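Report on one structure; see the data block that follows.
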Amino acid sequence: MYATGNVAMAMVVEPGSASATTGASSASESTQKGCFVIWQMMPDKWLIELFVGGHKVVAACDGNVAWRHTPWLGAHAAKGGVRPLRRALQATNLLVYLSPTTMINCKFSLLANTNSFKKGLDPMAISCVFSTAQYMGEKHMSGVDCFVLKLSAEPADLAERSDSSAEMIKHVTVGYFSQRSGLLVHLEDSYLTRIQTPGSRPMYWETTTCTRIEDYRAVEGMMIAHSGHSSVIITRFGDCLRAGSEVTRMEETYVIDDLAFNVPGLSVDSFIPPKEMLKSYYPEEGLDWSSPLHR
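Numbering follows this note's numbering, in which position 241 of the sequence shown is assigned residue number 241; successive positions increment by one, without gaps.
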């Protein structure tokens, strides 16, 4: 599968939060516009490139290892096992706005979950992910009567996405599906991470994302969402923040311009990780370490 589109986003510091009070950053920022390209190949191979605000961010998976490349951190593996592309648009957009210092401090709270549902681009992935979800009842959402499904990450999965300095405490996803069509129309995703480096007090990052998914159209017999809007709230709190909690909100709107299935010429070579990562994950000699990122 191939998809391309445009995105517009802006990030603001919530009035009354510690950042706004101390003047750590401006109360609001102008809207930035950019574009993105998504490639996918079954099973478990995907790549997204995002260009916005003068930066390029790449996230991908070759079926064995998920990785990312940012201007300030370079290429690095994603924590946890291989998962379907679940929230690539929201998370990578956040990466563009965060400064290198902030990005390093919150790498697990934002980067550990770059994977998302592609906002209705992949009905099969949505079905697979929510196949083990808990039914929570019915609710009217985005003008649609929906049934609600809830997913909570298992302790083993949370442990896999943690390390000595960052602990993933919880990760909950709630999907709202139209009772009439069965399509995903609204998605809520939240996770809490505890970060503590040696000699410092713990700090907590809570990220909540609400996404409205709309404009479904038939493409080669499949109903595909062509636009959506996301609102992301990032809250930092802990004893180390003397001025109180810091709250930042990001707004994002995206539109799919072009989408196609069974793209000629797409192969496994399109998803090869950067060579510096390959040598650590695949130590065999004599392999071709070429990557689209280095061409």
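In this text, a Cβ means the ideal position worked out from N, Cα and C, and glycines have one as well.
The structure displayed is predicted, hence computed values, not measured ones.
- Contact check for M9 and E252: beta-carbon distance about 4 Å, within the 8 Å limit, so the pair qualifies.
- Secondary structure of L266 (DSSP, three-state): coil.
- When rounded, the separation of the alpha-carbon atoms in S267 and E214 is 30 Å.
- Between the beta-carbon of V172 and that of S152 there is about 5 Å, and that keeps the pair under the 8 Å contact cut.
- Nearest to A225 by C-alpha distance, out of L259, L192 and K56, is L259.
- Boundaries of the alpha helix (DSSP H) harbouring I126: P123 to V129, taken from the DSSP string.
- Contact check between the region 132-140 and the region 154-162: fewer than three CB pairs, one atom from each, fall below 8 Å, which does not count as touching.
- When the beta-carbon positions are compared, T211 and S227 stay at least 7 Å from each other.
- Beta-bridge analysis with DSSP links I169 to no other residue.
- Here the C-alpha atom of S164 lies approximately 15 Å from the C-alpha atom of Y204.
- Taking every protein chain shown into account, the CB of D257 has fewer than 16 other CB atoms within 10 angstroms, so this residue is exposed.
- Every unbroken stretch of the beta strand (DSSP E) spanning 3 or more residues and falling wholly within the region 190-234 is given here in chain order: 203-219.
- By the CB criterion at 7 Å, W39 and P273 fall outside the cutoff.
- Check the Cα spacing between V12 and each of V255, K275, I234 and F261: the tightest is with I234.
- In the three-state DSSP reduction, E160 falls in the helix class (H, G or I).
- Residue pairing for V185: DSSP places it in no beta bridge.
- Taking C-beta separations shorter than 6 Å and ignoring five residues to either side along the sequence, the partners of L187 in its chain run G175 and T211, following chain order.
- For M136, the enclosing beta strand (DSSP E) begins and ends at Q134 to M141.
- For A218 and M124, the gap between their C-alpha atoms comes out near 15 Å.
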